[in-house]
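**Q** Let me begin by handing over the structure; questions about it come next.
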């Protein structure tokens, strides 16, 4: 007998999905059979980042549902089928397609719809809204035959929509009824600064404009007529004039709704029917609709708790926000408009740098009531903590928004925060949870993010997270030694700077000046890599030999039996039949085991040290050069065949891959570096799994950074879009050298970025905006590395002294008798222990 | 009785690195610490990886004691005693070695210096 009750969820948007994910992770999951209706043809996706659909992300990238989520948890989902009515008597939901489901508990997560003001002409063609992926598709289609686009509404969503129009290449305007942009969140000063910054990005802003009629244009499809008599011609009109709760299904079954819409809920998110809950933008709590995702998630958590029989209630939500609009940092906290009685205001305005900051404090100046930040929002998390936790302000509250002069820190010490303080609002992680994870052994920023999810949403709390981590570690008495090893009281980055500033050319010089003892394999390799990255000497110069591990010394990869493997470079994976034959001949002649690598080249295994020079002589004679498979350096640039042959290819991915591989070959780095170049968004080269990934689009190259496969795979982040080749190469130069200079030893680009304060945004600001002013220097260093490239095997073969080292014994020409091969599938492989014993017996018998 | 066996010229050694010598059928790793003008000899066979590779490890010191790191799985061996730093129960043979008139010679009887030095005991505690 089935004892389970049936729970129906209407709506699979961000909040509906968050509720399902929370429910299946809770104790209540086994009590319910779960059924959900999703009106859209696809399950939940990230509407907050919708505009990224136009800067390279796909519907799949935006999806919020893990593969197999519904099936794996036994959730029945009706995609593309809208729940049409509720019969509360019979406790039944009927869908548009006629599906009828009986429910015991019902959750309404129907969300909202864009409000379209009833302006005459609003139903003309190419008058659109901006909420779903289908809306975006309609925008894309319309944009293809348009030159001008207008957004009606200068709020948060309107500006996002304007970015989308801009990305589509349209001449973009924003028309706002109110006298300022983001009227809800910003004051006049902040709104004015935002307008200035947005206009600098070539988006025209029209304030105080009341649209009275849309009719035929002469230059464009439409002419917009405003109350003040002015007009504006445009091909597309995009309405973004606010949202309205979708409460029709609730009205239809007689649930209580607010006078201006919204399904009325109590603190447990129950509607006027105790078996029906409402969450997200469709719900009205205390007369308020919450048009942000975080309060919706808080409601979802409340209902999960209620269903699981745990305490939990929704008692309102903080509507503070921080976001990047068209590259402009904007934040609003609490009472931004100083409506509280007696509120005092501090304002800081920097016209030159286009920064505006405003603090609203209580009459006694002890509490922070609200804030507005435009152009620079790094103080956001500190200010938010002051506001939410009622922490007493410093004596001069304005110090919190004044520019930080050298050596000062106005940040709030994490010690001042209560344990309950919410550090990450995206994933609702409190300071207490973070401290717990630290006590349990998470001692790095990257580890803490993985463990608690804090800082992995919008990333706004990263800096605060880092300071909580540092503070807790100090308290726990964990001395976080960042020294590279016992021989140098420095980090790898320090050592790099010392080498650079003091122009140090050898390990001994660095050890004499800054270290002690003899060194070890850790610091020697790190310094060897730094010297190679910076000066790019031949790595087997006498003074550098002791710094290289065996792979670098023999320019080959040591395998388990002490033999080596050999990988010639095959740039971009493009190889002629003659070159393939040459590799085959070498493999055959020296009886090497051959295997195709994941990097589109051929690995030849089982070479003894004494064979390496002869093997390489033949490879070089055939036109090959070192593949640097042995080095912590650029490995391969994997490519798909691209537009040259492929029916779908948009650009020449092979050509670019070869150019990039030849440009960066030989670059030594803290760890190996892999590239991928795909000729279209089908992504056959798997570029998003690489340190540097490049994907062709019709408008240029999209650059992805800091991905990797391996033990902890990580998708690369979209870094910049629609680049021409020159800009692409400039950015890659800068990213790579910045990585080489600042990463820890053996740190892949992904971990490097995860642990960087400010993460991707910071990296972008260094590389794209050149905020440190070192762009030219980084490019210059890369040029030096490129100019001094040498094939290490060519150099080695020309060096008699070096070649003498390629023997197993210093005093004999014999070979290592411990290396024994057997045959398998037509090739050699190292003998295993049993086989060795067997051979030994035969030998002894003979 | 053991005698010194001539192996090679000092120039055949690799400064701050190692070479392998074949001495009466035995593979011996010889390391030259140029900074201290010291030479060490231990067995070339790495007991962890079961391969003849120790001469190709990187050398230096741990807590002031001379060591080589196996190039295979990175365990450290004391250059004077052959004892593994990570697991004192594992060791490789250590040999006496000398520099004389520009020649390198080793003595094949495993050196008696196999007793643990005090500094090693400290390492074990960590």
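Residue numbers (the working numbering), protein chains in the order written: chain A, 3 to 848; chain B, 2 to 127. Heads up, the beta-carbon is just placed ideally off N, CA and C, and yes, glycines get one too. Since the structure is predicted, the reported quantities are computational estimates derived from the model, not experimental observations.
#1: Who are the neighbours of residue 13 of chain B on chain A, taking C-beta pairs under 9 Å?
#2: For residue 921 of chain A, which beta-bridge partners are listed by DSSP?
#3: Indicate whether residue 465 of chain A and residue 497 of chain A have their beta-carbon atoms separated by less than 8 Å.
#4: Evaluate contact between the segment 412-432 of chain A and the segment 377-396 of chain A, counting only Cβ atoms and requiring at least three cross-stretch pairs below 8 Å.
#5: According to the neighbour-count rule (16 or more other Cβ atoms, all chains shown, within 10 Å of its Cβ), is residue 239 of chain A buried or exposed?
#6: Strictly under 8 Å for the Cβ-Cβ distance: is residue 30 of chain B near chain A by that measure?
#7: If contact means a Cβ-Cβ distance below 7 Å, which residues of the segment 20-51 of chain B contact chain A?
#8: Does the segment 352-372 of chain A come close enough to the segment 336-343 of chain A to have 3 or more Cβ pairs within less than 8 Å?
#9: Return no unless some Cβ of chain A is closer than 8 Å to the Cβ of residue 53 of chain B.
#10: Does residue 81 of chain B get closer than 8 Å to chain A when you measure Cβ to Cβ?
#11: Counting only Cβ pairs nearer than 9 Å, list the residues of chain B close to residue 820 of chain A.
#12: Any beta-carbon of chain B closer than 8 Å to the one on residue 816 of chain A?
#13: Name, in chain order, the residues that DSSP records as bridge partners for residue 97 of chain B.
#14: Please confirm whether residue 625 of chain A and residue 581 of chain A have their CB atoms less than 8 Å apart.
#15: Note down the Cα distance separating residue 166 of chain A from residue 185 of chain A, rounded to an integer number of angstroms.
#16: Along chain A, which residues have their Cβ under 8 Å away from the Cβ of residue 99 of chain B?
#17: Buried or exposed for residue 14 of chain A, please, with buried defined as at least 16 other CB atoms from any protein chain shown within 10 angstroms of its CB.
#18: Any beta carbon of chain A sitting closer than 8 Å to that of residue 8 of chain B?
#19: Which bits of chain B does residue 560 of chain A rub up against, with CB to CB less than 8 Å?
#20: Tell me the rounded alpha-carbon separation between residue 92 of chain A and residue 266 of chain A.
#21: Do residue 242 of chain A and residue 153 of chain A have their C-beta atoms within less than 8 Å of each other?
#22: Going by DSSP, name the residue or residues bridged to residue 34 of chain B.
#23: Can you give the Cα-Cα distance for residue 95 of chain B and residue 81 of chain B, rounded to whole angstroms?
#24: Rank B:57, B:35 and B:16 by C-alpha distance to the C-alpha of residue 28 of chain B and give the top, closest one.
#25: What's the C-alpha gap between residue 290 of chain A and residue 226 of chain A?
#26: Can you pull the chain B residues whose beta carbon is under 8 Å from the beta carbon of residue 544 of chain A, in chain order?
#27: What is the residue span of the beta strand (DSSP E) that residue 272 of chain A lies within?
#28: Does residue 842 of chain A have its Cβ less than 8 Å from a Cβ in chain B?
#29: For residue 15 of chain B, does the three-state DSSP call read helix, strand or coil?
#30: Return the first residue and the last residue of the alpha helix (DSSP H) that residue 169 of chain A is part of.
#31: Are the C-beta atoms of residue 522 of chain A and some chain B residue less than 8 Å apart?
#32: List the residues of chain A whose Cβ lies closer than 8 Å to the Cβ of residue 63 of chain B, in chain order.
#33: Which two residues bound the contiguous alpha helix (DSSP H) that contains residue 703 of chain A?
#34: Per DSSP, which residues does residue 559 of chain A bridge with? Please list them.
#35: Could you check the C-alpha separation between residue 11 of chain A and residue 39 of chain A for me, to the nearest Å?
#36: Taking residue 546 of chain A as part of the alpha helix (DSSP H), name the residues at either end of that continuous run.
**A** Taking the coordinates as given:
#1: Numbered from 1 along the second chain, position 12 holds the residue referred to as residue 13 of chain B. By Cβ distance, chain A contributes 806, 812 and 813.
#2: Look at the range of chain A in this structure, 3 to 848, and you will see that residue 921 of chain A is not part of it.
#3: Walking along the first chain from the start, residue 465 of chain A turns up at place 463. Walking along the first chain from the start, residue 497 of chain A turns up at place 495. In this structure, the beta-carbon distance from residue 465 of chain A to residue 497 of chain A does not fall below 8 Å.
#4: The answer is yes - the segment 377-396 of chain A touches the segment 412-432 of chain A, with three or more Cβ pairs under 8 Å.
#5: Taking the first residue of the first chain as position 1, residue 239 of chain A is located at position 237. Buried.
#6: The count along the second chain starts at 1 and reaches residue 30 of chain B at position 29. Closer than 8 Å: no.
#7: Under the 7 Å Cβ criterion, the segment 20-51 of chain B contributes 20, 21, 22, 23, 34, 36 and 50.
#8: The segment 352-372 of chain A, when compared against the segment 336-343 of chain A, does touch it at the 8 Å Cβ threshold.
#9: Here residue 53 of chain B refers to the residue found at position 52 of the second chain. So, interface residue.
#10: Mapped onto the second chain, residue 81 of chain B falls at position 80. Residue-level contact by beta carbon fails for residue 81 of chain B and chain A, as no gap is shorter than 8 Å.
#11: Reading the first chain from its first residue, position 818 is the one you call residue 820 of chain A. Simply 28, 46, 51, 52 and 53.
#12: The residue you call residue 816 of chain A lines up with position 814 of the first chain. At a cut-off of 8 Å between beta carbons, residue 816 of chain A contacts chain B.
#13: Against the second chain, residue 97 of chain B aligns to sequence position 96. Looking at the DSSP assignment, residue 97 of chain B forms a beta bridge with B:108.
#14: In the first chain, residue 625 of chain A corresponds to position 623, counting from 1. In the first chain, residue 581 of chain A corresponds to position 579, counting from 1. Cβ atoms of residue 625 of chain A and residue 581 of chain A: closer than 8 Å.
#15: The residue given as residue 166 of chain A occupies position 164 in the first chain. The residue given as residue 185 of chain A occupies position 183 in the first chain. Between residue 166 of chain A and residue 185 of chain A, the C-alpha separation is close to 21 Å.
#16: Indexing the second chain from 1 puts residue 99 of chain B at position 98. Result: empty, since nearest Cβ-Cβ is about 16 Å, beyond 8 Å.
#17: Numbered from 1 along the first chain, position 12 holds the residue referred to as residue 14 of chain A. Residue 14 of chain A comes out buried.
#18: On the second chain, position 7 is the one that residue 8 of chain B refers to. Taking Cβ atoms only, chain A reaches closer than 8 Å to residue 8 of chain B, which makes this a yes.
#19: Here residue 560 of chain A refers to the residue found at position 558 when the first chain is read from its first residue. Chain-order list of chain B residues neighbouring residue 560 of chain A: 54, 57, 72 and 73, by C-beta distance under 8 Å.
#20: Numbered from 1 along the first chain, position 90 holds the residue referred to as residue 92 of chain A. Numbered from 1 along the first chain, position 264 holds the residue referred to as residue 266 of chain A. Taking the straight line from one Cα to the other gives about 22 Å.
#21: If you number the first chain from 1, residue 242 of chain A lands on position 240. If you number the first chain from 1, residue 153 of chain A lands on position 151. Using a Cβ distance threshold of 8 Å, residue 242 of chain A and residue 153 of chain A count as a contacting pair.
#22: What you label residue 34 of chain B is simply residue 33 of the second chain in a count that begins at 1. BP columns for residue 34 of chain B point to B:39.
#23: For the purposes of this step, residue 95 of chain B is taken as residue 94 along the second chain, with counting starting at 1. For the purposes of this step, residue 81 of chain B is taken as residue 80 along the second chain, with counting starting at 1. About 6 Å.
#24: As a first step, residue 28 of chain B is located in the second chain; it is residue number 27 there, counting from the start. Comparing C-alpha distances from residue 28 of chain B to each of B:57, B:35 and B:16 shows the shortest one belongs to B:57.
#25: Locating residue 290 of chain A in the first chain gives position 288, counting from the first residue. Locating residue 226 of chain A in the first chain gives position 224, counting from the first residue. Those two C-alpha atoms are separated by around 33 Å.
#26: Residue 544 of chain A sits at position 542 when you count from the first residue of the first chain. Below the 8 Å Cβ cutoff, chain B contributes 16 as neighbours of residue 544 of chain A, in chain order.
#27: Position 270 of the first chain, counted from the start, is the residue given in the question as residue 272 of chain A. Looking at the DSSP string, residue 272 of chain A is not in any beta strand (DSSP E), and its letter there is neither H nor E.
#28: Counting from 1 along the first chain, the entry for residue 842 of chain A is found at position 840. The beta carbon of residue 842 of chain A sits no closer than 8 Å to any beta carbon of chain B.
#29: The count along the second chain starts at 1 and reaches residue 15 of chain B at position 14. Judged by DSSP in its simplified three-state form, residue 15 of chain B adopts coil rather than helix or strand.
#30: Within the first chain, the letter at position 167 stands for residue 169 of chain A. According to the DSSP assignment, residue 169 of chain A belongs to the alpha helix (DSSP H) that extends over 158-169.
#31: Counting from 1 along the first chain, the entry for residue 522 of chain A is found at position 520. Closer than 8 Å: yes.
#32: The residue given as residue 63 of chain B occupies position 62 in the second chain. Against chain A, the beta carbon of residue 63 of chain B has neighbours under 8 Å at 488 and 522, listed in chain order.
#33: Taking the first residue of the first chain as position 1, residue 703 of chain A is located at position 701. Careful: residue 703 of chain A lies outside any alpha helix (DSSP H), inside the beta strand (DSSP E) at 702-707.
#34: Position 557 of the first chain, counted from the first residue, corresponds to residue 559 of chain A. BP columns for residue 559 of chain A point to A:567.
#35: Translated into the one-based positions of the first chain, residue 11 of chain A becomes position 9. Translated into the one-based positions of the first chain, residue 39 of chain A becomes position 37. Going from the Cα of residue 11 of chain A to the Cα of residue 39 of chain A covers about 7 Å.
#36: The count along the first chain starts at 1 and reaches residue 546 of chain A at position 544. Segment 544-547, the alpha helix (DSSP H) holding residue 546 of chain A.
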